[in-house]
Structures are given as C-alpha cells and as structure tokens.
Amino acid sequence: MELELQYTELSCCEAGESVTLTQEETLEAAIPEYCPEVTRIVDAVGQLCLREYTSRQISGSVLVTVLYTSEESPGLRSLTLPVPFLTQADDKRLIGCDTVCMAGRLLLTEARAVTGRKLYLRVMPELTLTGYTCRRHRICTGVGEEPTLRLHRQEQSLTLLTSVTQRQSSVTQELQPQDWGEPPEELLAQRICPRITGSQPVGSRLLAKGEARICLLYRTQDGSLHTWEDTLPFSCLLDGLTVPEEAQVTVTGSCGTARLIRSDGAAAIGVELTLSLLVRTYETVTVAPVTDLYSTRWDTALQRQSLTLTETWPPETVQPEVHQELESRPFLYVTAADCGAVTTGQEGDHTTLRTPLRLRLLYLDESGAPVTAERTDEAAAPVPGDVTTARAACLSPSLRPSGTGLELTVPVELTVERSRRCTWDAITAAELTEPEPGRRPSLVLCRPKKGESLWELAKRYRTDEQAICAANGLEQETPLPSGLLLIPRVR
1 MELELQYTEL SCCEAGESVT LTQEETLEAA IPEYCPEVTR IVDAVGQLCL
51 REYTSRQISG SVLVTVLYTS EESPGLRSLT LPVPFLTQAD DKRLIGCDTV
101 CMAGRLLLTE ARAVTGRKLY LRVMPELTLT GYTCRRHRIC TGVGEEPTLR
151 LHRQEQSLTL LTSVTQRQSS VTQELQPQDW GEPPEELLAQ RICPRITGSQ
201 PVGSRLLAKG EARICLLYRT QDGSLHTWED TLPFSCLLDG LTVPEEAQVT
251 VTGSCGTARL IRSDGAAAIG VELTLSLLVR TYETVTVAPV TDLYSTRWDT
301 ALQRQSLTLT ETWPPETVQP EVHQELESRP FLYVTAADCG AVTTGQEGDH
351 TTLRTPLRLR LLYLDESGAP VTAERTDEAA APVPGDVTTA RAACLSPSLR
401 PSGTGLELTV PVELTVERSR RCTWDAITAA ELTEPEPGRR PSLVLCRPKK
451 GESLWELAKR YRTDEQAICA ANGLEQETPL PSGLLLIPRV R
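For the sequence shown, full-length UniProt numbering assigns the number 1 to the initial residue and increments by one for each residue that follows.
In structure tokens, the structure reads:
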C-alpha cells in the first residue's frame, strides 16, 4: 500500500547571479543664456538617477554639475545638466525572474568646454541587476497513521527571504537655515547622503523613516565660498505593501537636488530627493523533514528527489572610517566621495572586506582661484564568517581642525549579505509491501558495521532504536560499540 505523506510548504525568494552592465554616454549641450561663458572648468560631479527597468531596458540619467570660472563674472559658477541614457538588459540570466532589482554607480564623469557657450559631457554608469525567483518547496514532515512505522527526522531552523520589492519614492521638503552666516547668492553644489532608520507597516502601506545628511556649497554676493551642513529627517509611504514589522528597508540609490528659495529677505532651501528603496522580508521557520522511514513489519520502498533550498539572512553593516591629514586651508569642500567594488579575503575565521576610496577636494590656491585635487585611500573591515556578496557606500565626509591642519574623516558603510544552499534527499513517495514468507529470528547477535548508526542498525533488522538500547544498556546519542550487540525483534 502507498503511504499518505504529510507535507509542509515553504516559500522563499532566491537571488540569481547578478548582471553588471557598463555604458558610456556623451552629450554636447549649449550653456543657457542666463549663465556666463565658461573660461575654465574646475570640477564636474555626477549623480546617477535610475528610473525604471521595463521590457529588458533600464532608463535613467546622470545629473552633471559643472563648477567653472568665467571672465564675464567673478567667483565660482555652477551649471547642472542631465545626460539621459537607455541601456539594453536582455541577459538570459534575468529571463523568468519574478523581480529584478537594480543598483548602480558612476565610474566616470567628465566635462570639457568646446567653446565658451558649449560643453562636452561624458559619463560612464555601471548598472547591476539582480533577479529574484520565488519558489515553493514541499517537504515531507510526517506520514499517515501506521503503528509499525519508524521515522527519522532532522530538525533544523531556516531563515528564508520571503519577499523582495523595489520601489521609488520622492521626498520634497523646505529648510529654513538660521545659521547661514553670510546670506547665499547662489547654491553651487550639494552632497546628500540618505539612510533609512526604521520602517512600520500601516495597513496596506509601509512607512519608511530616515534622515539625509546635506552639505551645501554656496557663493555669497562678494564671491566668497562657504559651506552649510544639516541633517534632514524624512518619511515616505510605499503603497500596496503588506509586510510584517521586521521588514528590512535599504536605500539602493538616490538622487537629490537643492535650490535656493528667497522670500521676505530670507533664504530657504528646497530639497527634492528621489529614493530607490529595496524592501525585503525574512522569516525564520523550524522544520523537521522526514529523511528516512521503515516499517518493522512491511517491506518499505522509498522514492526520493534532491531538494535544494536557499537560506538567506538579513544584511549586516559595518562602518569603518578613513582618516586623512590635510594642510590647513582657508576653504575646503569635498565635492565627491566614491567607493569602488568590494573585494574579500579569508583570514582565519573571519573575512576582510576592502574597498578603494576616491575623493575630490575643492580648495583655493595661493592666488585665491578655485582648484580641485584628487586623493585615494582604502577602507577595510573584518567580519566574522563567510560572505556571499558585499557592497560599499560613502557616507557624509566631515572636516575638523587637527594639530597640524585639517583632519578629513570619511565613514564608509559596508553591507554584507550571506546565504547558503541547503540540499537533501527529500522523500516524495513511500510504499509498503508484504514481506516474502519466511520465519524471522526473534533474537539476533550482530557486530555493527564500521560507521553504522543506531538508526541504520535498527532499520537493517526491522526493529527500533529504543529496543536495541534497552537490550544492550546503551545511550541513544552515543556511538555504537565495536563488539557484539543483541538485536531484539519488535512484535
């Protein structure tokens, strides 16, 4: 007769191999009439803005802020231009995925003056696509009522990624700075570093809360340069998401702009921030799959199939800091802080993460002219155990006086993700048949085979483990002795 198997169903999302695409885009753009002509380009800073992934295409743009000087007007000037792009992403590794999540970084941002009224822009975004497939696994965890059956279970706790969603959300807020010092004439550049601090489900929506560190570079009416920093708290509602309390929300991309608002002699700041948010939910379940079974009376025939399930843990972060000593200068501003790809190295029982760091600094030379310099460094941090994937992001740099000059501190957020594949031979069918006629001995003396377990010995003689232990004075969890054992028959 065929046994009725009882199943537990597990659902999880499994990440496929990431696809990395690199594309170069160029653009010749005329300078608007309200801007003075370009005499010398000081720096070009880019922001990557990813819009959507549809029909195997990624659309987006790079906002390029060009800092320059002009003979027509004193002081540093600024101009921001978008460079749109459309990237084909028809990689076969993404076919059949239920969700495709995208992230990216800029490898290159360049600006060159063709004429005083025309700019040549060149950008190179690197885009990373990760496809997730939702799978349902049926695991045999029990059988129908049959008193002669003996079951072997292997209880284990699994952490599963149960859902993945990527959403875009926009935040618009207005700030009223009280400590401008000198009132700004023009905002020249900004750095905005957002992060999520918590989330809370509200019905069928998810409320994500966070804060953005804002650092502005501005010019006053007399042409002098100044900076202003503050932290902007924000919140955004994501519709159509029913998730548990412990949902993990992370920022995978952001694009922000700041503009000057003048009213009644005061200067305010309007901030627009577009966030790409990755929402993931995890569940820890305890299952006890039946890995083997037999009957003390019947012959047992089992059908098995290899079952593979991916266990995925929530991401972990570490924040090493990079410190550099700089010469004391009357003015200094970090226009860009970028991280490269993360490399991993196994060292004993931990893994060391390393990422290159590239900084661009704006300062005034001896003549008072604005110039930029580039510095490189490396951030490193150890983490316990093995690492599946890792990524890095620069947080907001800070400057403070030191004994000999200025100390530049750049915090780097390293995000670590871990997963492992669990594989076992799952029972898919079991059939009991009448044994061949013949007399079975009521008592057997045998010597266990080398490496044989108590379960295997009991199955070989169609008895049970408790009976063998009782007859030989054994503990069930201890290895079998090498001598003869008494094997009683179960009636």
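We put the CB at the ideal spot given by N, CA and C, even for glycine. Since we're looking at a predicted model, the values are computed, not measured.
Beta-carbon proximity list for residue i, same chain, < 6 Å, skipping 5 on both sides
| i | result |
| --- | --- |
| A208 | I196, S199, C236 and V249 |
| D377 | V322 and L357 |
| E2 | E431 |
| L326 | G405, L406 and L408 |
| Q319 | P411 and E413 |
| G368 | none |
| G131 | G16, L94, C97 and V100 |
| I31 | R117 |
| R297 | T148 |
| D292 | H152 |
| R462 | T296 |
| Y53 | V100 and M102 |
| V164 | C13, T99, Y132 and R280 |
Secondary structure of residue i, DSSP reduced to three states
| i | result |
| --- | --- |
| W455 | helix |
| K209 | strand |
| L187 | strand |
| L484 | coil |
| A44 | strand |
| C193 | strand |
| C97 | coil |
| K450 | coil |
| residue 496 | Residue 496 is absent from the structure shown; the chain starts at 1 and stops at 491. |
| E465 | helix |
| R460 | helix |
| A471 | helix |
Sequence-distant residues of the same chain with beta carbon closer than 8 Å to residue i, five excluded per side
| i | result |
| --- | --- |
| E211 | P194, R195, T197, T231, L232, P233 and F234 |
| T284 | S157, L158, T159 and L160 |
| P441 | R489 |
| I139 | Y7, T8, E9, L10, V287, P289, L307 and A426 |
| L206 | S199, Q200, L237, L238, L241, V243, A247, V249 and V279 |
| A373 | R360, L361 and Y363 |
| T252 | C101, M102, A103, Q166, S276, L277 and L278 |
Proximity below 9 Å, CB of residue i to CB of residue j
| i | j | result |
| --- | --- | --- |
| residue 501 | S276 | A query on residue 501 cannot be resolved here, the shown segment of the chain reaching from 1 to 491 and no further. |
| G50 | L127 | Just to set this straight, residue 50 is Leu in the shown sequence, not Gly. Yes, these two residues count as a Cβ contact at 9 Å. |
| T141 | M124 | no |
| V371 | L359 | no |
| R135 | V334 | no |
| A44 | A111 | yes |
| C446 | L484 | yes |
| L443 | I468 | no |
| T281 | P315 | no |
| V66 | S78 | yes |
| L81 | A29 | yes |
| L260 | P382 | no |
| H226 | G181 | yes |
| L5 | V62 | no |
| E229 | R122 | no |
| C215 | S59 | no |
For residue j and residue i, believed in contact at Cβ under 8 Å, the rounded distance
| i | j | result |
| --- | --- | --- |
| R219 | G75 | 5 Å |
| V42 | T69 | 6 Å |
| T343 | T415 | Contact doesn't hold; Cβ gap of about 15 Å is too wide. |
| residue 495 | Q57 | With the chain represented from 1 up to 491, any question about residue 495 goes unanswered, as that position is not in the structure. |
| A278 | Q166 | The residue you asked about is not Ala; residue 278 is Leu in the sequence shown. The pair is a contact, with the Cβ atoms about 5 Å apart (cut-off 8 Å). |
| Q176 | A268 | 5 Å |
| T351 | V387 | 5 Å |
| L364 | R329 | 7 Å |
heavy atom of the ligand COA below 8 Å from residue i C-beta
| i | result |
| --- | --- |
| E155 | Ligands are entirely absent from the displayed structure, and the ligand COA is therefore not among its contents. |
Close beta carbons around residue i, own chain, < 7 Å, minus the five adjacent residues each side
| i | result |
| --- | --- |
| T310 | C12, E14, S419 and R421 |
| P435 | W298 and D299 |
| Q221 | E185 |
| G340 | T355 and P356 |
| S402 | E325 |
Inset, instruction - Flag this pair as touching only if the segment 383 to 394 and the segment 337 to 356 have three or more C-beta atom pairs under 8 Å; answer yes or no. - result: Taking 8 Å as the limit for Cβ pairs, the verdict is that the segment 337 to 356 does touch the segment 383 to 394.
Inset, instruction - Decide if the segment 162 to 174 is in contact with the segment 21 to 36; the criterion is three or more beta carbon pairs, one per stretch, under 8 Å apart. - result: Contact between the segment 162 to 174 and the segment 21 to 36 is absent, because fewer than three Cβ pairs lie under 8 Å.
Inset, instruction - Tell me, please, whether the segment 419 to 439 touches the segment 293 to 312 by the rule of three or more beta-carbon pairs shorter than 8 Å. - result: Output reads yes: the segment 293 to 312 touches the segment 419 to 439.
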